[in-house]
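Number of protein chains: 2
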Amino acid sequence: MTTLRELANHLGLSPATVSRALNGYPEVGEKTRIRVVEAAEALNYRPNTSARRLATGKSGMVGIIFRAARNLLVDPHFVEYLAGLSMGLADRELDLILRHAAPGAQLAAYQRLIASGSIDGLVVSAPEVDDPRIAMLTERNFPFVVHGHVGEDVAYGFYDIDNHGAFSRATELLIALGHRRIAFLNGSAGLAFAVQREAAFRTTLAARGIHVPARFVSHSEMSEDAGYNQAAKWLSGLHGLPPTAFLCSSTLMAIGVMRAAGEAGLEIGKDVSIIAHDDVLPHLRSEHFSTPLTVTRVPIREAGLALAEMIHKRIDGAAPKSLQKTANVDLIVRNSTGAAPQDGGRSW
Amino acid sequence: MTTLRELANHLGLSPATVSRALNGYPEVGEKTRIRVVEAAEALNYRPNTSARRLATGKSGMVGIIFRAARNLLVDPHFVEYLAGLSMGLADRELDLILRHAAPGAQLAAYQRLIASGSIDGLVVSAPEVDDPRIAMLTERNFPFVVHGHVGEDVAYGFYDIDNHGAFSRATELLIALGHRRIAFLNGSAGLAFAVQREAAFRTTLAARGIHVPARFVSHSEMSEDAGYNQAAKWLSGLHGLPPTAFLCSSTLMAIGVMRAAGEAGLEIGKDVSIIAHDDVLPHLRSEHFSTPLTVTRVPIREAGLALAEMIHKRIDGAAPKSLQKTANVDLIVRNSTGAAPQDGGRSW
Numbered sequence: 001m002t003t004l005r006e007l008a009n010h011l012g013l014s015p016a017t018v019s020r021a022l023n024g025y026p027e028v029g030e031k032t033r034i035r036v037v038e039a040a041e042a043l044n045y046r047p048n049t050s051a052r053r054l055a056t057g058k059s060g061m062v063g064i065i066f067r068a069a070r071n072l073l074v075d076p077h078f079v080e081y082l083a084g085l086s087m088g089l090a091d092r093e094l095d096l097i098l099r100h101a102a103p104g105a106q107l108a109a110y111q112r113l114i115a116s117g118s119i120d121g122l123v124v125s126a127p128e129v130d131d132p133r134i135a136m137l138t139e140r141n142f143p144f145v146v147h148g149h150v151g152e153d154v155a156y157g158f159y160d161i162d163n164h165g166a167f168s169r170a171t172e173l174l175i176a177l178g179h180r181r182i183a184f185l186n187g188s189a190g191l192a193f194a195v196q197r198e199a200a201f202r203t204t205l206a207a208r209g210i211h212v213p214a215r216f217v218s219h220s221e222m223s224e225d226a227g228y229n230q231a232a233k234w235l236s237g238l239h240g241l242p243p244t245a246f247l248c249s250s251t252l253m254a255i256g257v258m259r260a261a262g263e264a265g266l267e268i269g270k271d272v273s274i275i276a277h278d279d280v281l282p283h284l285r286s287e288h289f290s291t292p293l294t295v296t297r298v299p300i301r302e303a304g305l306a307l308a309e310m311i312h313k314r315i316d317g318a319a320p321k322s323l324q325k326t327a328n329v330d331l332i333v334r335n336s337t338g339a340a341p342q343d344g345g346r347s348w
Numbered sequence: 001m002t003t004l005r006e007l008a009n010h011l012g013l014s015p016a017t018v019s020r021a022l023n024g025y026p027e028v029g030e031k032t033r034i035r036v037v038e039a040a041e042a043l044n045y046r047p048n049t050s051a052r053r054l055a056t057g058k059s060g061m062v063g064i065i066f067r068a069a070r071n072l073l074v075d076p077h078f079v080e081y082l083a084g085l086s087m088g089l090a091d092r093e094l095d096l097i098l099r100h101a102a103p104g105a106q107l108a109a110y111q112r113l114i115a116s117g118s119i120d121g122l123v124v125s126a127p128e129v130d131d132p133r134i135a136m137l138t139e140r141n142f143p144f145v146v147h148g149h150v151g152e153d154v155a156y157g158f159y160d161i162d163n164h165g166a167f168s169r170a171t172e173l174l175i176a177l178g179h180r181r182i183a184f185l186n187g188s189a190g191l192a193f194a195v196q197r198e199a200a201f202r203t204t205l206a207a208r209g210i211h212v213p214a215r216f217v218s219h220s221e222m223s224e225d226a227g228y229n230q231a232a233k234w235l236s237g238l239h240g241l242p243p244t245a246f247l248c249s250s251t252l253m254a255i256g257v258m259r260a261a262g263e264a265g266l267e268i269g270k271d272v273s274i275i276a277h278d279d280v281l282p283h284l285r286s287e288h289f290s291t292p293l294t295v296t297r298v299p300i301r302e303a304g305l306a307l308a309e310m311i312h313k314r315i316d317g318a319a320p321k322s323l324q325k326t327a328n329v330d331l332i333v334r335n336s337t338g339a340a341p342q343d344g345g346r347s348w
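This is the structure we're talking about:
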């Protein structure tokens, strides 16, 4: 039986090109595609066969478990992440098994999936501080990589974005524009990225001697609704002077903040400023919001592609510490940010 | 080895309740959950073990292949659909294998997945008229069910929504409000649901003697961008009188239409009316758009749940024709629809 690598060597192409040709991707020219398909037939190449799996003792499958309770929200960013992950795995002849588990039953779901013997490795999403899944997988020495990380000297493979750099720069921009009452709509408390972002926000403001009232940091699901509800509460002014600027952990939250500001008769980029983190959802582009949004930006699809490469190497025996990557984040300034109101926004 | 059914019988509970208890869902009370977990341990119950799979000759896995080209869009509705599907499969101890394939390589991807021997059944998404995947699967007699259907006397199992009823009622509402120049932003040409919706739109207008200019029906990806671009073109008036009403195949398209109308200085629900089909994306709710949107609505998560039940029955030998369901669609009238402008909208 011919392997992908043997077929690629025979053709003088990379395994990724051969895989892409067989999967019909447009980057590979039609002439090359036909040559690859003909060689695959001539050499009796079959991707991912059960026979090969039996021979190698590997299932050729990678597991992912997503957090979803019935009637609760599923993160819309997840589909972009999944697209990157399944594409990256396909290039390496790996399949993706998808399970879900309620937030309180994550650990048990991981244990059951490993015990089933169906998978060679796991990709862990949304790590928390002191995440019991990571402790369990480390102890069992089961191959895994993590989307995100916690702490400085990390023993596992991970892909993360530079949350600290991103939220420091965003906060500094708002300070430079004269904002002093800056509110932060963060993701759920305890998630690694939320902890990193909040630390960056607080450190940056503290370095400029700006006090952050406790009420100006909120934690919630990153939905449009949550953004609206929180911003409407702040803008009502019932609990103290409202913020003049909003830092949001997602573009969906920013849409909610824009709705609340609109209802309060405020002009975005003039009366109030908004910055959000943009995972790049292709169907809803922040540059096209009714006021184009200032964002910190990295496509979340890149995370999926990078983690697919990492879990493949990890299953093949690479050391976890050799599989660690932190991606830079762009700050893109558009119309939703402007100088703080001269009167400090007190006159609304 | 104890099966889920044996465990459920022992406890006097339904298999679904036992599965939900083991998966930690909140519908099951803590007392029941503890009783189930203890019984599962006492009876040595292990879900989905490789041993059981070897014994039954089944893999316990269902495949789904999504359409995604590198650098092209992945449908954000897909994650909601996937949530329903993976939850419904988990209740039946089935796992989900997820693959993607470029639009031009769908058939080959299905054939490879079947040939790999990894799966017991398939769930087919986004059927087209004369879909070669359905023809191939029917001929091979491989278990499958379809999200959507084409034609009257259908031989395969499917879950669909009443696209014809939904788009007839939406069109009739616009006619009743006095609109005569109604434009339709449809999904990609050739997809089953797009064909059904367009037939409903045209038949309803023809029955009232209203002519539809060819330029008033467009086909595209259902993104915010596509909605904006198409509406901006129509509203420019460069190619003839603009529409006074827009019927959209998705709420994301409607956001784009709202953006184009806003830029043209038009008030939604007064100068122009908008209706969209709403698959219910929990993070972006049409009742909360800057103008609450009139919609035809069915949660797409229901499709996933229904298809999970169907493919399970199909794998167990149920006749395809016994597995066919068409869901009713609600028409929910909000502020984005209003009487057509008295001057017929000619004065803009």
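Line by line, the protein sequences are chains D and Y.
Heads up, the first sequence is in the UniProt record's numbering, so the first residue is 1 and it goes up one at a time.
Heads up, the second sequence is in the UniProt record's numbering, so the first residue is 1 and it goes up one at a time.
We put the CB at the ideal spot given by N, CA and C, even for glycine.
Any idea which residues DSSP pairs residue i with across the strands?
i	result
tyrosine 45 (chain D)	D:Thr2
phenylalanine 142 (chain Y)	Its beta-bridge partners do not exist; DSSP assigns none.
glycine 121 (chain Y)	Y:Val62
tyrosine 159 (chain Y)	Y:His147 and Y:Lys325
arginine 297 (chain Y)	Y:Asp278 and Y:Asp330
proline 273 (chain D)	In the sequence under discussion, the amino acid at residue 273 (chain D) is serine, which differs from the proline named in the question. Beta-bridge pairing links serine 273 (chain D) to D:Ala245.
I'd like the list of long-range same chain contacts for residue i, defined as Cβ closer than 6 Å, with 5 residues on each side in sequence excluded.
i	result
threonine 326 (chain D)	Asp160 and Asp162
threonine 171 (chain Y)	Phe201 and Thr204
alanine 166 (chain D)	Thr296 and Val329
isoleucine 255 (chain D)	Glu224
leucine 331 (chain D)	Arg169 and Thr296
valine 333 (chain Y)	Thr294
lysine 321 (chain Y)	none
aspartate 278 (chain D)	Thr251, Ser286, Val295 and Arg297
Please work out which residues of its chain come closer than 8 Å, Cβ to Cβ, to residue i, disregarding the five sequence neighbours upstream and downstream, and give them in chain order.
i	result
histidine 239 (chain Y)	Arg215 and Lys233
glycine 269 (chain D)	Thr291, Asn335, Ser336, Thr337 and Gly338
leucine 177 (chain D)	Ala245, Ser273, Thr337, Gly338, Ala339 and Ala340
Which residue's Cα is closest to the Cα of residue i: the options?
i	options	result
serine 236 (chain D)	D:Thr296, D:Cys248, D:Glu221 and D:Gly262	D:Gly262
methionine 136 (chain Y)	Y:His100, Y:Ser19 and Y:Tyr110	Y:Tyr110
isoleucine 300 (chain D)	D:Ala16, D:Leu82 and D:Met61	D:Leu82
glycine 88 (chain D)	D:Lys313, D:Ser188, D:Asp131 and D:Arg33	D:Lys313
isoleucine 210 (chain D)	D:His179, D:Gly187 and D:Val217	D:His179
proline 282 (chain Y)	D:Arg140, D:Ala68, D:Asn141 and D:Pro243	D:Ala68
arginine 5 (chain D)	D:Gly29, D:Glu93 and D:Thr32	D:Glu93
phenylalanine 193 (chain Y)	Y:Ala231, Y:Gly63 and Y:Val146	Y:Val146
residue 374 (chain D)	D:His164, D:Leu173 and D:Asn141	A query on residue 374 (chain D) cannot be resolved here, the shown segment of chain D reaching from 1 to 348 and no further.
valine 217 (chain D)	D:Gly151, D:Ala199 and D:Gly57	D:Ala199
Residue i and residue j look like a contact to me (Cβ under 8 Å); what is the Cβ gap, rounded to whole Å?
i	j	result
glutamine 342 (chain Y)	valine 154 (chain Y)	That belief does not hold up - the Cβ atoms of glutamine 342 (chain Y) and valine 154 (chain Y) are roughly 46 Å apart, past 8 Å.
leucine 191 (chain D)	cysteine 248 (chain D)	About 15 Å; that fails the 8 Å criterion.
proline 76 (chain D)	valine 79 (chain Y)	6 Å
asparagine 157 (chain Y)	methionine 61 (chain Y)	Note on identity: in this sequence residue 157 (chain Y) is glycine, with asparagine being the wrong assignment. Glycine 157 (chain Y) to methionine 61 (chain Y), Cβ: 18 Å. No contact.
serine 118 (chain Y)	serine 59 (chain Y)	6 Å
residue 361 (chain Y)	leucine 98 (chain D)	Residue coverage of chain Y in this structure runs from 1 to 348, which leaves residue 361 (chain Y) outside it and unanswerable.
leucine 85 (chain Y)	valine 123 (chain Y)	7 Å
isoleucine 65 (chain Y)	leucine 113 (chain Y)	7 Å
tyrosine 228 (chain Y)	alanine 260 (chain Y)	5 Å
Tell me which residues share the same chain as residue i and place their Cβ nearer than 7 Å to its Cβ, disregarding the 5 neighbours each side in the sequence.
i	result
leucine 72 (chain D)	The predicted model places leucine 72 (chain D) with a pLDDT of 49, which falls under 50 and marks its position as unreliable; any figure quoted below should be read in that light. If we look at leucine 72 (chain D) and ignore the five residues flanking it on each side, it has no Cβ neighbours.
isoleucine 315 (chain D)	Asp120, Gly121 and Pro143
tyrosine 45 (chain Y)	Thr2 and Leu7
alanine 226 (chain D)	Ser220, Met253 and Gly256
glutamate 27 (chain Y)	Arg20
valine 195 (chain D)	Val129
alanine 16 (chain Y)	Asp91
glutamate 41 (chain Y)	none
leucine 107 (chain D)	Pro132, Arg133 and Met136
Chain-ordered residues of the stretch 254 to 270 of chain D with a beta carbon less than 7 Å from chain Y: Arg259 and Gly262
Could you please tell me which residues of the stretch 130 to 145 of chain Y, in chain order, have their CB closer than 9 Å to any CB of chain D? none
Select from the stretch 280 to 308 of chain D all residues with a C-beta closer than 9 Å to any C-beta belonging to chain Y, and list them in chain order. Leu281, Pro282, His283, Leu284, Arg285, His288, Phe289, Ser290 and Arg301
What are the residues in the stretch 75 to 95 of chain D lying within 8 Å of chain A by C-beta distance? Given the protein chain composition of this structure (D and Y), no chain A is represented.
Mind listing which residues of the stretch 96 to 126 of chain D have their C-beta closer than 9 Å to chain Y's C-betas, in chain order? Leu96, Ile97, Leu98, Arg99, His100, Ala101, Ala102, Pro103, Gly104, Ala105, Gln106, Ala108, Ala109, Arg112, Leu113, Ala115, Ser116, Gly117 and Ser118
Proximal residues, the stretch 234 to 252 of chain Y versus chain D, C-beta separation under 8 Å: Leu252
For the stretch 212 to 227 of chain Y, which residues have a CB atom closer than 7 Å to at least one CB atom of chain D, in sequence order? Ser223, Glu224 and Asp225
Selection of the stretch 170 to 204 of chain Y by Cβ proximity to chain D, strictly under 8 Å: none
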